[in-house]
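Those protein sequence lines, which keep their order, are chains A and B. Per the UniProt record's numbering, residue 1 is the first one in the first sequence, and the count goes up by one each step. Per the UniProt record's numbering, residue 1 is the first one in the second sequence, and the count goes up by one each step. In this text, a Cβ means the ideal position worked out from N, Cα and C, and glycines have one as well. Since we're looking at a predicted model, the values are computed, not measured.
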Amino acid sequence: MLRIENLCARVEEKEILKGLNLHVKPGEVHAIMGPNGAGKSTLGSVLAGREAFEVTAGSVAFQGKDLLDLDVEARAHLGLFLAFQYPVEIPGVSNMEFLKSSVDAVRKARGKSDLSSVEFMKLAREASKKVKLDQAFLKRGVNEGFSGGEKKRNEILQMMLLEPSLCILDETDSGLDIDALQTVADGVNAMRSPDRSFVVVTHYQRLLDYIVPDYVHVLAGGKIVKSGDKSLAKELEAKGYSWLDGEVA
Amino acid sequence: MGVLQARVLELAAIQNAPAWLSDLRYQGGERFAAASWPTRRTENWKYTSLAALAKKDVAAAHAESVEFNDLAMIDADAYRLVFINGVFSEKHSDALPPQVTTFAAASEEQITVVQRHLGRLADSSEHLFAALSQSVLEQGVLIHVAAGQCLDKPIYLLNYSAGKQACLASTRNLVVLEEGAQAEVFEQFNSDGDEQSNLVASQTEVVIGNNAKFKHYRLNLEREGITHAGGVFVELGRDALYSGFALTKGAVLIRNDYVLTHRGSGAHVELNGVYLPRGKQVVDYHTNIQHCVPHCTSSEVFRGIIGDQAKAVFNGRIHIHQDAQKTLAELSNKNLLTSNKAEVDTKPELEIYADDVRCAHGATVAQLNDESLYYLQSRGIDREQAQIMMSFGFINELIQSVENSDVVEFLMPILADQFGRKESLLQMEADALESL
Ligand SMILES: Nc1ncnc2c1ncn2[C@@H]1O[C@H](COP(=O)(O)OP(=O)(O)O)[C@@H](O)[C@H]1O
Ligand SMILES: [Mg+2]
């Protein structure tokens, strides 16, 4: 599914990823934890293809293709989805139009026909029920005036509609109350399947009680410094990150 | 004296009806004759050249026989008055309520109202095109709503330019709302092809009495060949409300002057506008809000998208006089250039002589936000489509704030066409809105 080898990347002359390796097989759930500023969001941005982030070394293969060679939209067409840590507000562009355009674009790239607006509306309604986002939000501008939690629900809604094969969730849990956390986790769990993988970036072990990972990695100083199973998350919760300092260096 | 100026004065000299407007015509003619043609050094015309217009020849306004089958119109229950090349067309117009009359059909009482107000706000000693239209004064509409009354439907003034010849289409509209009265007016301007090259100089004066409310939509939808030099002149009494929306697609030159004056405290002006010139079109909005008394508010938002080699001018003046304490005035103008040959001159002009006021203003030339583009692309939408969606959104934000939903529905397909957007998406939005 995803093979990241020795990935190095920088933004504005600042080296952030310094030789990161990560292999994700179909159906697996990987959690990535790590201190603030470690480069977790940077990894997501590099994988999604954000322009400001420059890859200086290494390679990323996704579905057998050279991911780094593709445009942002082509990566989405191929099945990569990033749930943003900070989803942007785009006033004036209706959420509905945005969702329909993206679903159409991704379906087209996969050789499927456009959905009729009635078919699409049905899907959008079902998905918004699942993430407990009132349908009125479909009419609003993209994320316009949404609360933090509503933005995160809208991200999960998009993930459901686009049916990606690799979902990267960047701190989707931060700022959510327990109910919202449960909703997000239910959405993710319902989508788990043998050919869909997840990379869940989180600060807190809490989310991992709901979305149980196959592997847990610690990202610090721009690389994965420790990997283990879900018990590693508990250990991190108890001890913090400082005991790993030796391994960062 | 240029061709146009000379020609207009010829037309003015032979205009003799209606007789009761002859004094105003005479005054307008004198002032227009005395006016020196603006150059780039003339304060009000710094950014827009009138050199080509000076050489333009125009014929007297005359009515063409026109059918409107394929003209897009606002689908609203309204009283419609149609002017073709500036001449009232009874055939195309609805029967009018007693509060509305053409100048030609005005009663004694209505004549008195016109004589009292016409040209009072559209000062022909100061505004070149107010003088021009006053010099040939003939065609016009009076909307006079008595105290406490509310017009039961909007008044729809449809101005159509047609035919091979370039005419001078110059109507005058006068709205007088007595204390507590209410009215809503649509002004729409169209032309029947890119070749049609009328000079449209339509001036609208609005007297809003104490506690009265006026909603006003002025939509310049003319095609390529038109030159439009229009004006909207508004006076607000105590606790009055003016709520205006302006839209211009663009043509040879579309210039609109808005002059709004607060004369009674507690009044509010809301003025929003959108301009979308492309090709070699030029759009010029000059707005001027005069706060003469305390405790008034004004909020003004204009946005433009300028493409190709087009040009836009936005000059937004706010004048807060010494007595106008506790004024609250906001002005925002944002522009999006979608080509490196497109041009915009934007200038907020603040003159503040009172000390206890709040005044916020901003004028920017913006780029599409990179982060938003990236967000749309990360969902599979290609860059070009993402740019179109975002440009549309930039304008749509203002359109959606238009209070009258018939106007919104009318404007959506026009905008969609302008942005090359798929009609199906609009349909979906409409369906969705209904089903939600
Ligand atoms: N656009 C940017 N410009 C400059 N520095 C950035 C940018 N984005 C991130 N950084 C820096 O890169 C480092 C890693 O950031 P990030 O990947 O967001 O960390 P995390 O998500 O692990 O908290 C931080 O020091 C941050 O300040
Ligand atoms: Mg982060």
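Can B:Asn-369 be considered in contact with ligand 1, in the sense that its beta carbon sits closer than 8 Å to one or more heavy atoms?
False, no ligand heavy atom lies under 8 Å from that Cβ.
Please say whether B:Asn-272 and B:Phe-245 have beta carbons closer to each other than 9 Å?
yes
Beta-carbon contacts of A:Glu-5 that lie in its chain and below 7 Å, excluding the five residues immediately before and after:
Asn-21, Gly-58 and Ser-59
With DSSP collapsed to three states, give me the class of A:Val-248.
Unreliable positioning characterises A:Val-248 in this predicted model, as indicated by a pLDDT of 49, which lies under 50. A coordinate reading is not provided.
When the Cα atoms are used, what is the spatial distance from B:Val-293 to B:Arg-120?
19 Å
When the cut-off is 9 Å and only beta carbons count, does B:Leu-371 lie next to chain A?
For the sequence presented, residue 371 of chain B should be read as Glu rather than Leu. It does; some Cβ of chain A falls within 9 Å.
Straight-line CA distance for A:Pro-194 to A:Cys-167?
If I take the Cα positions, the gap works out to 13 Å.
Proximal residues to B:Val-313 (C-beta, below 6 Å), its chain only, five neighbours per side dropped:
Tyr-47, Thr-48, Asp-284 and Asp-345
Identify the continuous alpha helix (DSSP H) that holds B:Tyr-242 and give its terminal residues.
That residue, B:Tyr-242, is in no alpha helix (DSSP H); its beta strand (DSSP E) goes 241-248.
Evaluate B:Tyr-275 with the Cβ neighbour count: other Cβ atoms within 10 Å of its Cβ, from every protein chain shown; 16 or more gives buried, anything less gives exposed.
Buried, by the Cβ-count rule.
Endpoints, beta strand (DSSP E) assigned at B:Arg-172
172-177
Between which two residues does the beta strand (DSSP E) carrying B:Asn-272 extend?
268-275
Does A:Leu-68 get closer than 9 Å to chain B when you measure Cβ to Cβ?
no
Identify the continuous beta strand (DSSP E) that holds B:Arg-358 and give its terminal residues.
Run containing B:Arg-358: 358-366, per the beta strand (DSSP E) assignment.
Cβ-based burial, B:Ser-339 [other Cβ within 10 Å; buried from 16]:
exposed
Sub-9 Å separation of B:Lys-153 and B:Pro-97 beta-carbons
Closer than 9 Å, so yes.
Applying a beta-carbon distance threshold of less than 7 Å, which residues of chain B neighbour A:Pro-213?
Within chain B, no residue comes near A:Pro-213; the closest Cβ sits about 24 Å away, beyond 7 Å.
Within chain A, the residues that B:Gln-385 reaches when beta carbons sit closer than 8 Å:
Result: Ser-101 and Ala-105.
Who pairs with A:Met-121 in a beta bridge, going by DSSP?
Answer is none; A:Met-121 lacks a bridge partner.
Report the residue ranges of all alpha helix (DSSP H) runs contained in full by the stretch 9-34 of chain A; include only those spanning at least 4 residues, in chain order.
The stretch 9-34 of chain A contains no whole alpha helix (DSSP H) run of 4 or more residues.
With distances taken Cα to Cα, identify the nearest neighbour of A:Lys-239 among A:Gly-34, A:Ile-211 and A:Gly-92.
For the residues A:Gly-34, A:Ile-211 and A:Gly-92, the minimum Cα distance to A:Lys-239 belongs to A:Gly-34.
A:Ile-168 touches chain B at which residues, Cβ-Cβ below 7 Å?
Ordered by position in chain B, no residue passes the 7 Å Cβ test against A:Ile-168, which lies about 10 Å from the chain.
List the residues of chain B whose Cβ lies closer than 7 Å to the Cβ of A:Arg-50, in chain order.
Tyr-374
In angstroms, rounded to a whole number, what distance separates the CA positions of B:Leu-157 and B:Glu-187?
5 Å
So is A:Arg-196 in contact with chain B if we call contact Cβ pairs under 9 Å?
Not one chain B Cβ lies under 9 Å of A:Arg-196.
How about the stretch 66-75 of chain B and the stretch 242-260 of chain B: do they share at least three Cβ pairs that are nearer than 8 Å?
As far as the Cβ criterion goes, the stretch 66-75 of chain B does not touch the stretch 242-260 of chain B, which means the pair count is below three.
Spell out the partners DSSP gives B:Arg-255 in its beta bridges.
B:Ala-229 and B:Asp-284
Cβ of B:Arg-7 within 9 Å of any chain A Cβ:
no
Between A:Val-225, A:Lys-108, A:Lys-230 and A:Asp-186, which has its C-alpha nearest A:Trp-243's C-alpha?
A:Val-225
Between which two residues does the beta strand (DSSP E) containing B:Asn-333 stretch?
328-337
Thinking C-beta only, is A:Glu-12 closer than 9 Å to A:Phe-84?
Taking 9 Å as the cut-off, the beta carbon of A:Phe-84 is found no closer than this to the beta carbon of A:Glu-12.
Once the 5 residues before and after residue 441 of chain B are set aside, which same chain residues still bring their CB inside 6 Å of it?
Chain B is shown only over 1 to 436; residue 441 of chain B falls outside these bounds and no answer can be derived.
Is A:Ile-156 helix, strand or coil when you go by DSSP?
helix
Strand pairing of B:Val-87, partner residues [DSSP]
B:Ile-84
Reduced DSSP category for A:Ile-224 - H, G, I as helix; E, B as strand; rest coil:
strand
Considering only heavy atoms of ligand 2, does any lie closer than 8 Å to the CB of A:Val-88?
No, since every heavy atom of ligand 2 falls outside the 8 Å radius drawn around the Cβ of A:Val-88.
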